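Engineer: Residue numbers (my numbering): 25 to 92.
Quick one: the structure is below, questions incoming.
Put into structure tokens, the structure is as follows:
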């Protein structure tokens with residue numbers, strides 16, 4: 025796995041933590057910014073996405089189950 029500089033994403037689980045939620049989609053999670061126009065934050069690298077989601081989960085970011 026590559027070494028990632030997560031500083032660009034750090035707000036998602038620290039200072040901006042309350043502005044985000046994780047939507048459970050099958051066996052994975054999609055980071056979604058809350059607000060009037062919620063937006064999914066897609067990451068093109070699976071390893072990076074797993075690291076960011078793991079940090080968000082560890083920080084207690086809200087998880088939303090997608091209707092199924």
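For glycine and all other residues, C-beta sits at the position ideal for the given N, C-alpha and C.
Predicted model, so just to flag it, every value in this text is computed and none were measured.
(1) What are the boundary residues of the alpha helix (DSSP H) that includes residue 81?
(2) DSSP three-state call for residue 36: helix, strand or coil?
(3) Quick one: what's residue 66 bridged to in DSSP?
(4) Secondary structure at residue 29, three-state DSSP: helix, strand or coil?
(5) Pick from 88, 44, 89: whose alpha carbon is nearest that of residue 59?
(6) Does the Cβ-Cβ distance between residue 28 and residue 71 come in under 9 Å?
(7) Taking the alpha-carbon positions, what's the residue 63 to residue 56 distance?
Structural biologist: So, from the data block:
(1) 70-82
(2) helix
(3) Per DSSP, none; premise fails for residue 66.
(4) coil
(5) 44
(6) yes
(7) 5 Å
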